[in-house]
Amino acid sequence: MDFKQQLLFFFSALGAFNGLILSLYFLYFIKNKNRATYFLSALILVISIRVAKSIFLIFYPETSDLFIQIGLTACFLIGPFMYIYVRETIYLPNDKKWHWLLHIIPVIIVMLLIGYFFPYSENRHLWKRTSFGIFGWALFLQWLSYLILSALTIKSSFKKLLDMHQKISNQDFWLLNIVIGVGFIWLAYNTSEYTSYIVGALSFSFTLYLTILIWVFKRKKSSLFFEDTAKYANKRIDSVEANIIEVKLNRLIKEDEIFKNPQLKLQNVAEQINETPHTLSEYLNDNLDISFSQFVNEHRIKKAKELLLTNTNYTIEAIGYESGFNSKSTFFTTFKKITGVTPTTYLNKNK
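Residue numbers (our numbering): 173 to 523.
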């Protein structure tokens, strides 16, 4: 290799190596891990393997066919892991905790069968996007499909990005960075022949270094241009984690109205948002400056105020039960504590 090629190889390989290190960091050393964290680690890992395969295939054509076969399997896993990570970050976990396996296991089984019956060393033509390159086209379409699914999943984030009147959250920014970054790598690897591999490797390196830079700033508690420093200043839970919890809690409140359960406990809510009770309590106390009981009661009173003005067939006592209180006295006491007036007075003032 000449000096120019050596430089390209060095920076591309360095990005792949650092990707492996970052994947291990997310897997073993990050605090407050959840399921989404593991899928992020897996995503960075398979991209790193895919980049390493491409680098060695270009600069060292004699690279082991087994390593290339592993790299091709990683290619097919990039899309699924990205989509799973995005969904795990945005949506609340449900009872189907192993649903993600439906996206991963079939890919691994198919790639094992392809590796056995159609080894890369004897069927390289099948991996080129020509009229006979069925595997090459399958990879192209599968990766693109998952990119589209991921983009649709965070379409609200894209709307915030394009709307100057909406404030984009740290979670929105992070997910946009992930999806657009992977999309850029996909585009680079699916343009021209030689250039695409190098640009793809370098683009991954650039995206990775940018992510590491953001992470370093956050670890030092320095403010970034996209962070709401006032809201999360001097808080023990960082802004990314806090935004994730906020989104999950809001969905539970608005869609499921969990506060209507008079027996609701901190443990129940923590399990539904896939967080530990300690983390949830820490978020409420330090980031919102409110206790769990206050948080729940405020939403119950908000619901009660709505019912008082819209459901004239309900008695005031029935509205208290409907809002999640287990007794009339508790309802009246809490209502006056939060609003300053009794439910009856509030109703009379707003008729």
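Quick reminder that beta carbons are idealized off the backbone N, C-alpha and C, glycines included.
Can the beta-carbon of E260 be found closer than 8 Å to that of A208? Your numbering for residue 260 matches position 88 in the sequence shown. Your numbering for residue 208 matches position 36 in the sequence shown. For E260 and A208, yes; Cβs fall inside 8 Å.
State the start and end residues of the unbroken alpha helix (DSSP H) segment that holds G243. Taking the first residue of the sequence shown as position 1, residue 243 is located at position 71. It spans D237 to I262 - the alpha helix (DSSP H) in which G243 sits, taken as one unbroken run.
Between the alpha carbons of F497 and G355, how many angstroms are there, rounded? Numbered from 1 along the sequence shown, position 325 holds the residue referred to as residue 497. Numbered from 1 along the sequence shown, position 183 holds the residue referred to as residue 355. F497 and G355: Cα-Cα distance of roughly 49 Å.
In this structure, does DSSP put H271 in helix, strand or coil? Here residue 271 refers to the residue found at position 99 of the sequence shown. The DSSP-derived three-state label of H271 is coil.
For Q314, collect the residues of the same chain with a Cβ closer than 7 Å to its Cβ; drop the 5 residues on either side in sequence, then sort them by chain order. Here residue 314 refers to the residue found at position 142 when the sequence shown is read from its first residue. Counting only Cβ-Cβ distances below 7 Å, and skipping sequence neighbours, we find F248 and G251.
Could you tell me which of I352, F289, I240 and N422 sits nearest to F330, measuring between CA atoms? Walking along the sequence shown from the start, residue 330 turns up at place 158. Between F330 and the set I352, F289, I240 and N422, the nearest pair of CA atoms involves I352.
In whole angstroms, what separates the C-alpha of F307 from that of D344? For the purposes of this step, residue 307 is identified with residue 135 of the sequence shown, where counting begins at 1. For the purposes of this step, residue 344 is identified with residue 172 of the sequence shown, where counting begins at 1. Taking the Cα positions, F307 is about 34 Å away from D344.
Member of H450, F507, P291 and I326 whose CA lies at the smallest distance from the CA of Y255: Position 83 of the sequence shown, counting from 1, holds the residue named residue 255. Ranked by how close their Cα comes to the Cα of Y255, the residues H450, F507, P291 and I326 have I326 in first place.
Starting from the Cα of K332, find the closest Cα among L321, W346 and L319 and give me that residue. In the sequence shown, counting from the first residue as 1, residue 332 sits at position 160. Minimum Cα distance to K332 is reached at W346.
Excluding the 5 residues flanking L452 on each side, which residues of the same chain have their C-beta closer than 8 Å to its C-beta? Indexing the sequence shown from 1 puts residue 452 at position 280. I417, L438, V441, A442, I445 and F464.
Is I425 near H471, with beta carbons less than 8 Å apart? Looking up residue 425 in the sequence shown gives position 253. Looking up residue 471 in the sequence shown gives position 299. Contact flag set, yes.
Start-to-end residues for the alpha helix (DSSP H) that takes in T505: The residue labelled residue 505 in the question sits at position 333 within the sequence shown. That run of the alpha helix (DSSP H) goes K500 to T511.
Report the rounded CA-to-CA distance for L321 versus W272, giving the unit in angstroms. For the purposes of this step, residue 321 is taken as the residue at position 149 of the sequence shown. For the purposes of this step, residue 272 is taken as the residue at position 100 of the sequence shown. Approximately 14 Å, taken between the alpha carbons.
Between which residues of its own chain and I473 is the CB-CB distance below 8 Å, once the five residues before and five after are set aside? Taking the first residue of the sequence shown as position 1, residue 473 is located at position 301. For I473, where only same-chain residues beyond five positions count, the Cβ hits under 8 Å are S495, T506, F507, I510 and T511.
Taking the alpha carbon of R296 as the reference point, which residue from L229, L316, H450 and L217 has its own alpha carbon closest? On the sequence shown, position 124 is the one that residue 296 refers to. The option with the nearest alpha carbon to R296 is L229.
N- and C-terminal bounds of the alpha helix (DSSP H) containing P449: The residue labelled residue 449 in the question sits at position 277 within the sequence shown. Taken as a continuous stretch (DSSP letters only), the alpha helix (DSSP H) holding P449 covers P449 to E454.
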